[in-house]
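**Q** Numbering (this note's numbering), first residue to last: 7 to 170. Below are the C-alpha cells for one structure; questions will follow.
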Amino acid sequence: MLRKRIEPGPGQESVWDYPRPPRLEDSQKLIQVVFNGIIIANTRRAKRILETSHPPAYYIPPEDVKMEYFIPTPKHSYCEWKGQASYYTITVDGKSVPDGAWYYPQPTRGYESIANYIAVYPSLMEACYVNREKVQPQEGDFYGGWITKDIVGPFKGGRGTFGW
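This is how it looks when you write it as C-alpha cells:
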C-alpha cells in the first residue's frame, strides 16, 4: 500500500519528484564513509543517483576511497538502468562486511560517468555522512539509499513497499 507523499519543506526534496529512469548528477557535498573506526571514503566529487521513491545513492570516485580495504568479490547484480554491478568486501582491521560496496565497471549509456565509482550500503557501515550530517540508511538491503534531513519520502525499501 502506497503511503501518502510527504510534502517537502523549504530546502527539502521529495523522492517522489525524482525521475524514472533515474537522474545522475554531480554532488559537491562532503561525503564520508566510516567503517570500523576508519574513514574509508572522503570526497566532494561524488555523484548521486536520484530515482523515484528512493533516497539518493552516492557514488564515490575510487581516487577518494581507501582501496586497500576493498577486495573484489564474485558477486554481480543487474540494474535495468545502469547495467551489471560488481561488488567489494570491505575489511578494516579484521572486521569485514561481505559485498558491502558495489560499482559499475561498464555502466550503460547515460551513466558512463559513474564507471568504477563506488557506492556503499550505509546500513552496513559504522556511519555515513553528507556534509557532516549522519545518514539514516534506507530500509531493506536492496537499494542502499542515504536519508538526510533534506530528503523526504515515504521511501521504498521497507516491508510492504516492494510493489511501489
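Even glycine gets a Cβ: it sits at the ideal position worked out from N, Cα and C.
Whose C-beta lies closer than 8 Å to the C-beta of I12 among residues of the same chain, with five residues either side of it excluded?
**A** Closer than 8 Å at the Cβ level, and outside the excluded window around I12, lie S20, V158, G159, P160.
**Q** According to DSSP, simplified to helix, strand and coil, what is Y75?
**A** Three-state DSSP puts Y75 in a helix.
**Q** Give the straight-line distance between the Cα atoms of P25 and G151, rounded to the nearest whole angstrom.
**A** In a straight line, the C-alpha of P25 is about 15 Å away from that of G151.
**Q** Would you decide whether M73 is buried or exposed? Buried here means 16 or more other CB atoms lie within 10 Å of its CB.
**A** So M73 ends up on the exposed side.
**Q** With respect to the beta strand (DSSP E) encompassing G163, which residues constitute its N-terminal and C-terminal limits?
**A** That residue, G163, is in no beta strand (DSSP E); it is neither H nor E in DSSP.
**Q** Use the C-beta contact count for E57: other C-beta atoms within 10 angstroms, 16 or more gives buried, fewer gives exposed.
**A** Classification for E57: buried.
**Q** Would you tell me roughly how many angstroms separate the C-alpha atoms of Q144 and D99, rounded to the nearest one?
**A** Between Q144 and D99, the C-alpha separation is close to 26 Å.
**Q** Give me, in chain order, the residues of the same chain whose beta-carbon lies closer than 8 Å to that of S102; leave out the 5 immediate sequence neighbours on both sides.
**A** Answer for S102: T95, I96, listed in chain order.
**Q** Is there a Cβ of chain D sitting closer than 8 Å to that of Y65, yes or no?
**A** Any reference to chain D falls outside this structure, which holds one protein chain only.
**Q** Assign L36 to one of three DSSP states: helix, strand, or coil.
**A** L36 falls in the coil class under three-state DSSP.
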